[in-house]
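*Asks:* Chains as they are written, first to last, in my numbering: chain E, 35 to 476; chain R, 16 to 109. Built from N, CA and C at the ideal position, the CB exists for glycine as well. Let me begin by handing over the structure; questions about it come next.
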Amino acid sequence: MKIVVVGGGAAGLGAAGAALGVDPSANMVVYTQFEDVAYSPCGIPFVHGKEIESFDRLFLATKQQYQDQGIDVHYTTTVEAIDVKRNVIKVAGEGEVSYDKLVLATGWNYRDPEGPGGDLKGIYRVKNIQRAREWDSYLDTVKSAVVVECGLIAVEMVTALVHRGIKVTVVDPGPWPMAEVVDPDIVDPVRAGWAEAGVTMMWGEQVTAFGGDGSLSYVDTTGGRIEAQLAIIGTRKVPNSDLARDAGIALGGTGGIIVDSRMRTSAPNVFAAGDCTEIPHGVSGVSLQGLSGSHAYAQGKTAGINAAGGVRQYDPVYVPWAMLAGEWMIGGVSFGETTASALGMNYVSGVAKGITRARYYPGVKPITVKLLADPNTRCLIGAQMVGGEGVKERADFLATAVRAGITIDDLATMENVYSPAIGALNEPVQMAALAVQQNMRR
Amino acid sequence: MSFSRWLRTNSQQYLLADAQQRIGRRNGITVYGKPRSLKDCFWRYIFVPTYKIMPDGLRQGLIRAMPGSHRQAWPKQSARPRPRHLFAGSDRKD
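Shown next as structure tokens:
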């Protein structure tokens with residue numbers, strides 16, 4: 035069986051490896067338009083910020099290792115078209131290539147910020163590791179930078195640029211950082227930390243043009259002109275699904291490829307995974323696009339197993355997430371108040387401020403937990419957190435709680451670890467659940 | 016851009032903006048943003064209020080009617096609330 039994968043990110047390589055696990059005799063070919071496969075683009079800001087010493091550390095495996103696994107990767111090769119009726123793809127420089135099963139893992143792009151001057155030198159879209167190597171030395175020459183909208187990678191880039199001694203201005207049409215996913219009370223410590231670090235923030239403003247003579251020297255915004263030699267594009271992720279659309283494969287309202295739980299598309303023998311697809315949310319049923327690398331990898335494995343003749347189902351998502359933002363960790367699960375409110379969901383929330391270790395233990399950090407529950411079923415439907423540590427583990431736990439239909443009463447009576455160096459007597463999740471119970475009685 | 020993508024993009028943007036205004040106000044943040052165009056006026060003053068007064072069932076029905084992965088075959092959500100454990104509860108009878 036010949037399985038062709040288009041895309042060499044987490045979903046594409048996850049699909050290739052999992053397919054070979056089911057059928058080791060499969061002829062496995064991966065096409066990528068880039069020079070490398072399977073690295074962590076989310077790690078790029080940390081190399082720029084000097085927390086990680088080298089871009090080489092971001093690779094999951096060497097090119098030789100993929101070859102040894104039996105994965106034939108065609109680098110810097112563009113797939114131009116798919117003929118789903120004849121089971122062939124058209125590859126630049128190779129002509130027509132047939133497949134028995136095809137997996138699309140074409141990933142995402144930044145939404146175009148739509149202003150004149152977008153092609154000037156000095157406008158950086160953090161994604162490709164080879165370009166990141168080139169940009170890293172350019173950063174040494176930059177005195178002032180503008181971050182255009184606060185996507186997740188852009189938030190990490192703010193910290194990286196501050197670490198490099200670059201003056202940063204954030205321009206975002208939202209009213210606070212990451213306003214599409216985070217509530218204002220949760221992200222407020224991050225905003226305050228940025229202000230303390232000298233970051234200029236322009237909320238509710240938009241970039242209207244990039245200007246300069248060949249290279250960027252200023253950015254025009256609805257709030258005025260900013261002198262800058264660098265612009266970081268942090269607009270939201272949009273699916274790279276043009277190849278699928280042109281082949282007549284059905285797309286959803288997000289622009290992502292429509293898939294079922296086995297990652298099958300509307301075309302026979304064609305699967306899709308990762309950021310080019312859309313996946314339904316477990317609570318609301320609304321399809322979502324632009325999830326995390328761990329989602330892409332798990333979807334890729336599902337697509338690969340099914341493409342190779344195995345059976346695996348992928349579940350609707352509850353989206354645990356967490357990240358470092360300045361000196362803080364922020365994260366959550368499913369809904370915050372802003373997103374739940376936007377959808378028109380009925381919820382009751384509760385907030386608790388706690389600590390991550392015993393109050394006397396060195397390194398103890400504050401943590402704030404907000405929980406949202408459905409007042410009819412009393413089930414947990416979402417959470418948001420900000421703290422000095424322990425956010426990721428709580429987000430993973432709470433996502434499982436939402437998925438399992440755990441109620442706020444279960445959480446209010448939960449058992450918890452007390453150990454001075456790693457956990458406080460009162461667990462902040464339990465305290466937040468008690469606050470939700472109290473608010474439900476009102 | 017397809018109709019469904021156009022509808023999703025705009026409805027998401029304006030419903031979020033409306034929610035940000037309300038949640039922001041509750042947290043002491045004044046969210047500015049006067050309508051800049053006729054399009055802004057339509058989505059803010061006609062679509063958003065209409066969406067908000069719709070009965071929940073109708074709203075969910077309309078969301079489900081839009082093309083997307085949510086209309087494909089997916090594992091069902093576990094029971095809400097989850098069934099009580101066999102050994103839990105005061106009404107247990109041995």
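Hey, out of E:Asp217, E:Ile456, E:Leu468, whose CA is closest to E:Thr447's CA?
*Replies:* Counting from one through the first sequence, the residue named residue 447 of chain E turns up at place 413. Residue E:Leu468 is the option with its Cα nearest to E:Thr447.
*Asks:* What do you get for E:Arg225, buried or exposed, if any count of 16 or more other CB atoms within 10 angstroms of its CB means buried?
*Replies:* Taking the first residue of the first sequence as 1, we reach residue 225 of chain E at position 191. Per the 10 Å Cβ criterion, buried.
*Asks:* In the structure shown, what three-state DSSP assignment does E:Trp181 receive?
*Replies:* Counted from its first residue, the first sequence places residue 181 of chain E at position 147. In the sequence as displayed, the identity of residue 181 of chain E is Val instead of Trp. It is a strand residue.
*Asks:* I'd like the span of the beta strand (DSSP E) that includes R:Tyr60, first residue to last.
*Replies:* By one-based count along the second sequence, residue 60 of chain R stands at place 45. Neither: R:Tyr60 is in no beta strand (DSSP E) and is coded neither H nor E.
*Asks:* Counting only Cβ pairs nearer than 8 Å, list the residues of chain R close to E:Gly208.
*Replies:* What you label residue 208 of chain E is simply residue 174 of the first sequence in a count that begins at 1. Within chain R, the residues near E:Gly208 are Gln35.
*Asks:* Could you please tell me which residues of the stretch 216 to 234 of chain E, in chain order, have their CB closer than 9 Å to any CB of chain R?
*Replies:* Close to chain R, meaning a Cβ-Cβ distance shorter than 9 Å, are the following residues of the stretch 216 to 234 of chain E: Asp217, Pro218, Asp219, Asp222.
*Asks:* Which residue marks the beginning of the beta strand (DSSP E) containing E:Pro273, and which one marks its end?
*Replies:* On the first sequence, residue 273 of chain E is found 239 positions in, with the first residue counted as 1. Start and end: 271 to 273.
*Asks:* Measuring CB to CB, does E:Val463 end up less than 8 Å from E:Val403?
*Replies:* Locating residue 463 of chain E in the first sequence gives position 429, counting from the first residue. Locating residue 403 of chain E in the first sequence gives position 369, counting from the first residue. Their beta carbons are under 8 Å apart, which means E:Val463 touches E:Val403 by this criterion.
*Asks:* Exposed or buried, E:Cys310, counting other C-beta atoms within 10 Å across all chains shown (16 or more means buried)?
*Replies:* The count along the first sequence starts at 1 and reaches residue 310 of chain E at position 276. Residue environment: E:Cys310 is assigned as buried (16 or more neighbouring CB atoms within 10 Å of its CB, all protein chains considered).
*Asks:* Ignoring anything shorter than 4 residues, give me the alpha helix (DSSP H) runs that lie fully in the stretch 72 to 157 of chain E, in order along the chain.
*Replies:* 78 to 82, 97 to 103
*Asks:* Residues of chain E with a CB under 7 Å from the CB of R:Pro96: which are they?
*Replies:* Here residue 96 of chain R refers to the residue found at position 81 of the second sequence. Those are Thr411, Arg412, Cys413, Gly439, Thr441, listed as they occur along chain E.
*Asks:* Buried or exposed: E:Pro302, going by 16 or more other Cβ atoms within 10 Å of its Cβ?
*Replies:* As a working note, residue 302 of chain E is residue 268 in the first sequence. When all chains shown are included, E:Pro302 counts as exposed.
*Asks:* Is it the case that the Cβ atoms of E:Thr269 and E:Glu183 are separated by a distance below 8 Å?
*Replies:* For the purposes of this step, residue 269 of chain E is taken as the residue at position 235 of the first sequence. For the purposes of this step, residue 183 of chain E is taken as the residue at position 149 of the first sequence. Yes, the pair counts as a contact, with Cβ atoms nearer than the cut-off.
*Asks:* From the DSSP output, read off the bridge partner residues of E:Asp254.
*Replies:* Numbered from its first residue, the first sequence carries residue 254 of chain E at position 220. The partner list for E:Asp254 (beta bridge, DSSP) reads E:Ala243, E:Arg259.
*Asks:* What are the boundary residues of the alpha helix (DSSP H) that E:Trp169 is part of?
*Replies:* By 1-based counting over the first sequence, the position of residue 169 of chain E is 135. Note, E:Trp169: alpha helix (DSSP H), 163 to 173.
*Asks:* Terminal residues of the continuous alpha helix (DSSP H) containing R:Ile78?
*Replies:* Within the second sequence, residue 78 of chain R is the residue found at index 63, counting from 1. 71 to 80 is the span of the alpha helix (DSSP H), which, as asked, contains R:Ile78.
*Asks:* Please state whether DSSP places E:Leu47 in a helix, a strand or coil.
*Replies:* Stepping through the first sequence from its first residue, residue 47 of chain E is reached at position 13. Residue state, collapsed to three classes: helix.
*Asks:* Under 6 Å Cβ to Cβ from R:Arg107, same chain only, skipping five residues before and after it: list those, please.
*Replies:* Working through the second sequence from its first residue, we reach residue 107 of chain R at position 92. Low local confidence applies: a pLDDT of 43 at R:Arg107 is under 50, so the model's placement there is unreliable, with the coordinate-based value given in what follows. So no residue of the chain qualifies.
*Asks:* Give a yes or no on contact between the stretch 400 to 418 of chain E and the stretch 367 to 379 of chain E, applying the rule of three or more CB pairs nearer than 8 Å.
*Replies:* yes
*Asks:* Quick one: residues in its chain with C-beta nearer than 6 Å to the C-beta of E:Cys413, no 5 flanking neighbours on either side, listed in chain order?
*Replies:* Mapped onto the first sequence, residue 413 of chain E falls at position 379. Correct list, in chain order: Gly439, Thr441.
*Asks:* How would you list, in chain order, the residues of chain R whose beta-carbon sits under 8 Å from the beta-carbon of E:Ile313?
*Replies:* Residue 313 of chain E sits at position 279 when you count from the first residue of the first sequence. Ordered by position in chain R, the residues that pass the 8 Å Cβ test against E:Ile313 are Ser84.
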